[in-house]
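A short worksheet on the structure shown next.
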Amino acid sequence: MNKSFWYRHRFKTWHVFLIPFCLIWVYPFIWMISAAFKSQREMLLGGLSVIPEEWTWGNFQRAWTTARFGDYTMNTITYSVTVVVLVLLVSALAGYALARKDLPGKKVIVGILVATMFIPHGYTIIPTFLLVNGMGLNNGLLGATLAQAGPALVVPVLLFMGFFGGIPKELEEAARVDGAGYPRTFFRIMLPLAKPVIGTVALMQFISAWNAFFIPLVFTLGRPDLRTLGVGMYNFFGQNSTDWTGLAAGACIAVIPIIVVFLFLQRTFVEGIAGAVKS
Numbered sequence: 000m001n002k003s004f005w006y007r008h009r010f011k012t013w014h015v016f017l018i019p020f021c022l023i024w025v026y027p028f029i030w031m032i033s034a035a036f037k038s039q040r041e042m043l044l045g046g047l048s049v050i051p052e053e054w055t056w057g058n059f060q061r062a063w064t065t066a067r068f069g070d071y072t073m074n075t076i077t078y079s080v081t082v083v084v085l086v087l088l089v090s091a092l093a094g095y096a097l098a099r100k101d102l103p104g105k106k107v108i109v110g111i112l113v114a115t116m117f118i119p120h121g122y123t124i125i126p127t128f129l130l131v132n133g134m135g136l137n138n139g140l141l142g143a144t145l146a147q148a149g150p151a152l153v154v155p156v157l158l159f160m161g162f163f164g165g166i167p168k169e170l171e172e173a174a175r176v177d178g179a180g181y182p183r184t185f186f187r188i189m190l191p192l193a194k195p196v197i198g199t200v201a202l203m204q205f206i207s208a209w210n211a212f213f214i215p216l217v218f219t220l221g222r223p224d225l226r227t228l229g230v231g232m233y234n235f236f237g238q239n240s241t242d243w244t245g246l247a248a249g250a251c252i253a254v255i256p257i258i259v260v261f262l263f264l265q266r267t268f269v270e271g272i273a274g275a276v277k278s
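The letter at position 45 of the sequence shown is residue 44 when you use numbering that gives the first Met the number 0, and the numbering goes up by one with no holes.
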């Protein structure tokens, strides 16, 4: 009993110790939300206060209409969802193939995939741009989507490979006895079993695509109307001044949907990572 009490007491002590660090960690986010409801003068002269003296919705209206965040939100949704669909389809198929132990050259392929993880995007943007431009897809969301989805396949492929590798081979053999070919076995049996990994990959890629800046910037330079939210933040920076409160409102519009999506899918995310690693 004394030992149990000591453990509970120590647990509460650690909570008290970590609470200040938690507040320091979340303070910038809270301040950003607070600044979105302040006037420009109050934000610059109000110090570290997070409670606005006068609440205003004008910053959100300005961000949504003047800075065109309404259009950029739709572009970002289209861009992010398309990236997720492409990555899921390609990585699931590749992971299923690489999970087979008798695949020729499997170690070489996996080694190359792992090696590409250490190549910064800055080194591959020129060949990627030339490839997309050669396909006639530059200055469009489709070209930006392909450029975003291509380098993002490595980790999802490894996750699917680990998950499918842990599924008993007898399950596939039973499906083959029933007359199911490889495509039917994959889409009707194996893929539904991989729901935790699908949720994990979808969440990871959605967040990455939603927050992307470099690739959407490069591939929509000639079409400002196709910018995503990350690139659209530049609309608040003028030649001689910066609309800081509008920028804070725009940041809230860009960040809050991601937080909501993560809160809904966080359990699936943890289960998918744990399942893939365990496999």
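For glycine and all other residues, C-beta sits at the position ideal for the given N, C-alpha and C. The model shown is predicted, which means the values in this text are computed figures rather than measured ones.
Practice task
Would you kindly work out how many angstroms separate the C-alpha atoms of Val15 and Phe28, rounded to a whole number?
Solution key: Along the sequence shown, one-based indexing puts residue 15 at 16. Along the sequence shown, one-based indexing puts residue 28 at 29. Straight-line Cα distance between these residues: approximately 21 Å.
Exercise for the section: Locate the alpha helix (DSSP H) running through Lys105, then write down its first and last residues. Expected result: Locating residue 105 in the sequence shown gives position 106, counting from the first residue. Annotation for Lys105: the continuous alpha helix (DSSP H) segment containing it runs Lys105 to Thr115.
Problem - Which of helix, strand or coil DSSP assigns to Phe218 - result: To locate residue 218, count along the sequence shown from 1; it is residue 219. Judged by DSSP in its simplified three-state form, Phe218 adopts helix.
Problem - Residue from Val82, Phe128, Phe20 and Pro167 with nearest C-alpha to Trp209 - result: Here the question's residue 209 lines up with position 210 in the sequence shown. Nearest of Val82, Phe128, Phe20 and Pro167 to Trp209, Cα basis: Val82.
Handout entry: Cys251 beta carbon less than 7 Å from that of Ala91
Key = Here residue 91 corresponds to residue number 92 of the sequence shown, with the count starting at 1. Here residue 251 corresponds to residue number 252 of the sequence shown, with the count starting at 1. 7 Å or more divides the Cβ of Ala91 from the Cβ of Cys251.
Problem - Range of the contiguous alpha helix (DSSP H) that encloses Gly57 - result: The count along the sequence shown starts at 1 and reaches residue 57 at position 58. Its alpha helix (DSSP H) spans residues Gly57 to Gln60.
Exercise for the section: Taking the CB atoms as reference points, tell me whether Tyr71 and Leu140 lie closer together than 7 Å. Expected result: If you number the sequence shown from 1, residue 71 lands on position 72. If you number the sequence shown from 1, residue 140 lands on position 141. Taking 7 Å as the cut-off, the Cβ atoms of Tyr71 and Leu140 do not count as close.
Handout entry: Thr244 - DSSP class collapsed to helix/strand/coil
Key = Residue mapping note: residue 244 aligns to position 245 of the sequence shown, counting from 1. DSSP places Thr244 within a helical segment (H, G or I) once states are collapsed to three.
Exercise for the section: Counting only the same chain and skipping the five closest in sequence on each side, list residues whose C-beta sits under 7 Å from that of Ala62. Expected result: Within the sequence shown, numbered from 1, the residue matching residue 62 stands at position 63. The answer, listed in chain order, is Phe68, Gly245, Ala248, Gly249 and Ile252.
Practice task
Output the residue ranges of the alpha helix (DSSP H) runs that lie fully inside the stretch 7-46 and measure 4 residues or longer, sorted by chain position.
Solution key: Entirely contained in the stretch 7-46, the alpha helix (DSSP H) runs reaching 4 residues are, in chain order, 39-44.
Exercise for the section: Starting from the C-beta of Thr127, find all residues in its chain whose C-beta is less than 6 Å away, skip the five residues before and the five after it, and write them out in chain order. Expected result: Within the sequence shown, numbered from 1, the residue matching residue 127 stands at position 128. Non-local C-beta neighbours of Thr127 in its own chain, meaning closer than 6 Å and more than five positions away in sequence, comprise Ala146, ordered along the chain.
Handout entry: Between the CA atoms of Gly94 and Leu157 - distance to the nearest angstrom
Key = Within the sequence shown, numbered from 1, the residue matching residue 157 stands at position 158. Within the sequence shown, numbered from 1, the residue matching residue 94 stands at position 95. Computed Cα separation, rounded: 6 Å.
Handout entry: Asn74, enclosing alpha helix (DSSP H) - first and last residue
Key = What you label residue 74 is simply residue 75 of the sequence shown in a count that begins at 1. Phe68 to Leu97 is the extent of the alpha helix (DSSP H) around Asn74.
Handout entry: Nearest neighbour of Val230, chosen from Asn74, Ile258, Gly57 and Arg175 [CA to CA]
Key = Numbered from its first residue, the sequence shown carries residue 230 at position 231. Residue Asn74 is the option with its Cα nearest to Val230.
Handout entry: Thr123 to Leu44 span [Cα, whole Å]
Key = Locating residue 123 in the sequence shown gives position 124, where the first residue counts as 1. Locating residue 44 in the sequence shown gives position 45, where the first residue counts as 1. Taking C-alpha positions only, Thr123 is separated from Leu44 by approximately 44 Å.
Exercise for the section: Please go through the same chain and pick out, in chain order, the residues whose beta-carbon is closer than 7 Å to the beta-carbon of Val89, but skip the five residues on each side of it. Expected result: In the sequence shown, counting from the first residue as 1, residue 89 sits at position 90. Correct list, in chain order: Leu152.
Practice task
With DSSP collapsed to three states, give me the class of Phe159.
Solution key: Position 160 of the sequence shown, counting from 1, holds the residue named residue 159. DSSP places Phe159 in helix when its eight states are reduced to three.
Problem - DSSP bridge partner residues for Phe236 (one or two, in chain order) - result: Numbered from its first residue, the sequence shown carries residue 236 at position 237. Under DSSP, the beta-bridge partners assigned to Phe236 are Thr241.
Problem - For Gly57 and Thr65, the rounded distance between their alpha carbons - result: Locating residue 65 in the sequence shown gives position 66, where the first residue counts as 1. Locating residue 57 in the sequence shown gives position 58, where the first residue counts as 1. Distance between the alpha carbons of Thr65 and Gly57: 11 Å.
Exercise for the section: Could you pull the start and end residues of the alpha helix (DSSP H) that Trp63 belongs to? Expected result: Position 64 of the sequence shown, counted from the start, is the residue given in the question as residue 63. In this chain, Trp63 is not harboured by any alpha helix (DSSP H), its DSSP state being neither H nor E.
Handout entry: Neighbourhood of Leu136 by C-beta, 6 Å cutoff - its chain only, sequence neighbours within 5 removed
Key = Residue 136 sits at position 137 when you count from the first residue of the sequence shown. If we look at Leu136 and ignore the five residues flanking it on each side, its Cβ neighbours are Gly142.
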